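A.B. asks: My questions will all concern the structure given below.
Protein chains in written order, with full-length UniProt numbering: chain B, 1 to 451; chain U, 1 to 110.
Following this line, the structure appears as structure tokens:
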């Protein structure tokens with residue numbers, strides 16, 4: 001149907017992402033990787049990439065295929081490209097995991113995992129970038145939230161490029177001295193580009209729009225928001241461009257990262273002030289579960305920023321980097337992701353099933369697809385377990401960490417169960433569940449019904 | 001405007017209450033999303049409406065829903081739905097009932 005911006009493959013991205021999350025949490029629960037293995041061990045790297053690539057990046061790609069058109073009020077450039085992109089990204093992730101296992105001597109095979117991963121991930125992200133960038137390009141001049149996304153796309157391009165360099169050097173394909181130096185020293189840049197630019201900066205931009213939409217709050221476009229945007233973009237440029245340059249010319253990387261950190265902190269403070277304003281200025285006094293849980297995720301980001309500043313001032317960041325990154329990944333990014341999934345899955349399911357019924361028959365509300373009173377306990381358990389796991393990492397207690405990640409796993413599985421109930425319309429009042437002509441949605445794919 | 005078209009106008013607005021904004025869960029008439037309903041003597045209904053936000057993924061469904069709901073009114077021969085964002089919608093455009101339903105205070109814009 002012309003004009004309907006329902007991304008066909010977003011649900012498939014979400015399902016694949018959730019499988020990766022569960023595998024990562026399961027591995028942490030059984031003691032695989034850090035803190036039971038060194039942070040740069042093959043096991044830890046498997047865990048990191050399952051989480052950052054398999055869970056968070058696929059979640060972000062799926063969400064952007066749906067929400068970039070909303071941000072710019074234009075249709076997605078191509079509804080065909082997301083499927084081959086997903087196939088390449090999943091195959092690339094599998095090859096990357098294989099490469100790490102080969103690197104750690106856990107698999108005795110020829111080192112083909114890294115070069116294959118480099119090709120597949122490059123193609124997969126190139127397809128995603130091309131599709132989203134063309135959509136943004138056609139909508140110039142971009143509204144501010146979309147500019148955050150544009151910077152996020154530049155960041156993932158840089159992150160993937162660094163990752164490809166690492167893969168080719170570790171796979172023995174590239175031997176250029178600069179590339180070897182970048183591989184040896186560039187891991188912080190790879191992490192900043194991925195977690196900071198691609199995932200956090202993009203999430204910030206999308207959250208400006210989604211929180212305003214879901215809470216009926218005014219959209220922010222004032223000087224503070226613009227300054228925050230420029231500070232964040234500058235922080236990323238300094239870290240990635242400045243960092244790579246510093247490595248290649250032998251300059252001090254910590255100075256570059258310090259300058260980037262200061263700019264990034266300014267951006268986060270301004271973003272925090274904006275988000276507080278959004279919550280305070282909202283017209284809906286009683287807000288939905290996704291917005292309440294997003295506040296927990298935002299609190300995790302604030303706590304991680306404060307902890308980073310304190311550890312830097314004490315000269316102890318290197319020693320405590322693991323709990324800070326864990327809090328960013330599982331408290332902020334994963335917490336926000338799960339909270340917004342609870343809303344987005346319900347909204348897309350409503351559009352798919354009841355959108356074509358509008359004007360023909362009474363339809364339920366999006367909120368009628370969910371039972372928040374049942375879901376809230378699993379979200380609260382997820383955040384409490386995540387915060388406790390962060391503390392366990394800080395005090396270097398692997399057993400307590402495993403218990404906490406086990407609780408995170410249980411909470412995540414139960415939240416996924418709620419998402420499944422939403423897709424199958426199990427909580428909708430039977431009298432309105434399937435009006436004549438409506439179809440039960442498929443679990444893993446959205447289809448647009450003709451009216 | 002004749003008495004007959006005024007009566008049709010009210011019937012069309014009543015029919016449009018079947019169409020809800022999925023996010024707010026309330027009908028588009030009381031949410032203030034329907035800016036104008038004009039019925040021509042020929043039975044053509046011209047509906048001018050908006051959405052709560054530009055780029056709303058439900059936009060086409062809301063337009064089509066409004067068309068189908070209005071078309072179901074006896075005496076309406078055809079329906080023309082125009083989407084506009086001038087003026088942009090604000091919560092203050094809601095009816096008192098809709099505001100009360102959503103817990104939104106009266107007064108002020110955003």
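Yeah, the Cβ is synthetic: ideal placement off N, Cα and C, and Gly gets one too.
Bear in mind the structure is a predicted one, so any value in this text is a computation, not a measurement.
Quick one, are the C-beta atoms of residue 16(U) and residue 70(U) less than 8 angstroms apart?
C.D. replies: Yes; because the gap between Cβ atoms is below 8 angstroms, this pair is in contact.
A.B. asks: Please classify residue 43(B) as buried or exposed, where buried requires at least 16 neighbouring CB atoms within 10 angstroms.
C.D. replies: By the 10 Å Cβ count, residue 43(B) comes out buried.
A.B. asks: Could one say the Cβ of residue 425(B) lies closer than 8 angstroms to chain U's Cβ atoms, at least one of them?
C.D. replies: No, no contact with chain U.
A.B. asks: Between residue 84(U) and residue 35(U), how many whole angstroms is the CB-CB distance? I'm expecting something under 8 angstroms.
C.D. replies: Yes, residue 84(U) and residue 35(U) are in contact; Cβ-Cβ is about 7 angstroms, under 8 angstroms.
A.B. asks: Scan the region 94 to 141 of chain B and note each continuous alpha helix (DSSP H) run of 4 residues or more that stays entirely inside, going in chain order.
C.D. replies: If we require 4 residues or more, the alpha helix (DSSP H) runs fully inside the region 94 to 141 of chain B come out as 113 to 137.
A.B. asks: If you follow the beta strand (DSSP E) that residue 36(U) is part of, which residue opens it and which one closes it?
C.D. replies: Where residue 36(U) is concerned, the enclosing beta strand (DSSP E) stretches over 34 to 39.
A.B. asks: Tell me the rounded alpha-carbon separation between residue 445(B) and residue 311(B).
C.D. replies: Cα to Cα, the separation comes out at about 45 angstroms.
A.B. asks: To the nearest whole angstrom, what separates the beta carbons of residue 22(U) and residue 365(B), a pair I think is in contact under 8 angstroms?
C.D. replies: Between residue 365(B) and residue 22(U) the Cβ distance is about 6 angstroms, and since that is below 8 angstroms, they are a contact.
A.B. asks: Would you mind sorting residue 487(B) into buried or exposed? The rule is 16 or more other CB atoms within 10 Å of its CB.
C.D. replies: No statement about residue 487(B) is possible, as the shown extent of chain B runs from 1 to 451 and does not include it.
A.B. asks: When burial is assigned at 16 or more other CB atoms within 10 Å of the CB, is residue 431(B) buried or exposed?
C.D. replies: So residue 431(B) ends up on the exposed side.
A.B. asks: Closer than 8 angstroms by beta-carbon distance: list the chain U residues that pair up with residue 72(B), in chain order.
C.D. replies: Correct list: 55.
A.B. asks: Tell me the DSSP bridge mates of residue 78(U)?
C.D. replies: Residue 78(U) is bridged to 44(U).
A.B. asks: Do you know how far the Cα of residue 176(B) is from the Cα of residue 84(B)?
C.D. replies: Distance between the alpha carbons of residue 84(B) and residue 176(B) is about 32 angstroms.
A.B. asks: Let me see if you follow: with CB-CB separation under 8 angstroms, is residue 442(B) close to chain U or not?
C.D. replies: Chain U, which has no Cβ nearer than 8 angstroms to the Cβ of residue 442(B), makes this no.
A.B. asks: Comparing the C-beta of residue 97(U) with each C-beta of chain B, is any distance below 8 angstroms?
C.D. replies: Chain B, which has no Cβ nearer than 8 angstroms to the Cβ of residue 97(U), makes this no.
A.B. asks: Does the region 201 to 217 of chain B come into contact with the region 159 to 166 of chain B, if we say contact requires no fewer than three beta-carbon pairs (one atom in each stretch) closer than 8 angstroms?
C.D. replies: No: fewer than three Cβ pairs fall under 8 angstroms.
A.B. asks: Under 8 angstroms, do residue 64(B) and residue 352(B) count as touching if we go by C-beta distance?
C.D. replies: Result no, Cβ atoms of residue 64(B) and residue 352(B) do not sit closer than 8 angstroms.
A.B. asks: I'd like to know whether the C-beta of residue 45(U) is nearer than 8 angstroms to at least one C-beta of chain B.
C.D. replies: With 8 angstroms as the cut-off, residue 45(U) does not count as an interface residue toward chain B.
A.B. asks: Please tell me whether residue 61(U) has its Cβ less than 8 angstroms away from any Cβ of chain B.
C.D. replies: Closer than 8 angstroms: yes.
A.B. asks: Report the residue from 88(U), 81(U), 87(U), 62(U) whose alpha carbon sits nearest the alpha carbon of residue 363(B).
C.D. replies: For residue 363(B), the nearest C-alpha among the options comes from 62(U).
A.B. asks: Does the CB of residue 371(B) have a neighbour CB from chain U at under 8 angstroms?
C.D. replies: False, the Cβ-Cβ gap to chain U never drops below 8 angstroms.
A.B. asks: Are any of the Cβ atoms in chain U nearer than 8 angstroms to that of residue 350(B)?
C.D. replies: So yes, residue 350(B) belongs to the interface.
A.B. asks: Applying a beta-carbon distance threshold of less than 8 angstroms, which residues of chain B neighbour residue 80(U)?
C.D. replies: Per Cβ cutoff of 8 angstroms: no residues; residue 80(U) is ~15 angstroms from chain B at best.
A.B. asks: Which same chain residues, not among the five before or five after residue 396(B), have their C-beta less than 8 angstroms away from its C-beta?
C.D. replies: 35, listed in sequence order.
A.B. asks: Could you work out which residue in 193(B), 191(B), 246(B) is closest to residue 181(B) when comparing CA atoms only?
C.D. replies: Looking at the Cα atoms, 246(B) is the closest of the given residues.
A.B. asks: Using the rule of at least 16 other Cβ atoms within 10 Å of the residue's Cβ for burial, across every protein chain shown, is residue 53(U) buried or exposed?
C.D. replies: With 16 or more other Cβ atoms within 10 Å, it is buried.
A.B. asks: Going by CA-CA distance only, name the one from 379(B), 134(B), 261(B) that's closest to residue 295(B).
C.D. replies: Out of 379(B), 134(B), 261(B), 379(B) has the C-alpha closest to the C-alpha of residue 295(B).
A.B. asks: According to DSSP, is residue 49(U) part of a helix, a strand, or is it coil?
C.D. replies: Correct three-state label for residue 49(U): strand.
A.B. asks: I'd like to know if residue 100(U) contacts chain B, where contact means its C-beta is closer than 8 angstroms to some C-beta of that chain.
C.D. replies: False, the Cβ-Cβ gap to chain B never drops below 8 angstroms.
A.B. asks: Is it true that the CB of residue 277(B) sits closer than 8 angstroms to the CB of residue 102(U)?
C.D. replies: Their beta carbons are not under 8 angstroms apart, which means residue 102(U) does not touch residue 277(B) by this criterion.
A.B. asks: Would you please state the rounded distance, in angstroms, between the beta carbons of residue 55(U) and residue 69(B)? I believe it to be under 8 angstroms.
C.D. replies: That belief holds up - the Cβ atoms of residue 55(U) and residue 69(B) are roughly 7 angstroms apart, short of 8 angstroms.
A.B. asks: Where residue 15(B) and residue 77(U) are concerned, what is the direct C-alpha to C-alpha distance, given to the nearest angstrom?
C.D. replies: If I take the Cα positions, the gap works out to 46 angstroms.
A.B. asks: Just to confirm the assignment, what range does the alpha helix (DSSP H) spanning residue 211(B) have?
C.D. replies: Taken as a continuous stretch (DSSP letters only), the alpha helix (DSSP H) holding residue 211(B) covers 202 to 215.
A.B. asks: Can you tell me whether residue 164(B) is buried or exposed? The criterion is at least 16 other CB atoms within 10 Å of its CB, across all chains shown.
C.D. replies: Per the 10 Å Cβ criterion, buried.
A.B. asks: When you compare only the Cα positions, how much space is there between residue 343(B) and residue 27(U)?
C.D. replies: Near 20 angstroms, if we compare the C-alpha coordinates of residue 27(U) and residue 343(B).
A.B. asks: Going by C-alpha distance, which of 225(B), 226(B), 256(B), 231(B) is nearest residue 240(B)?
C.D. replies: Closest by alpha carbon: 256(B).
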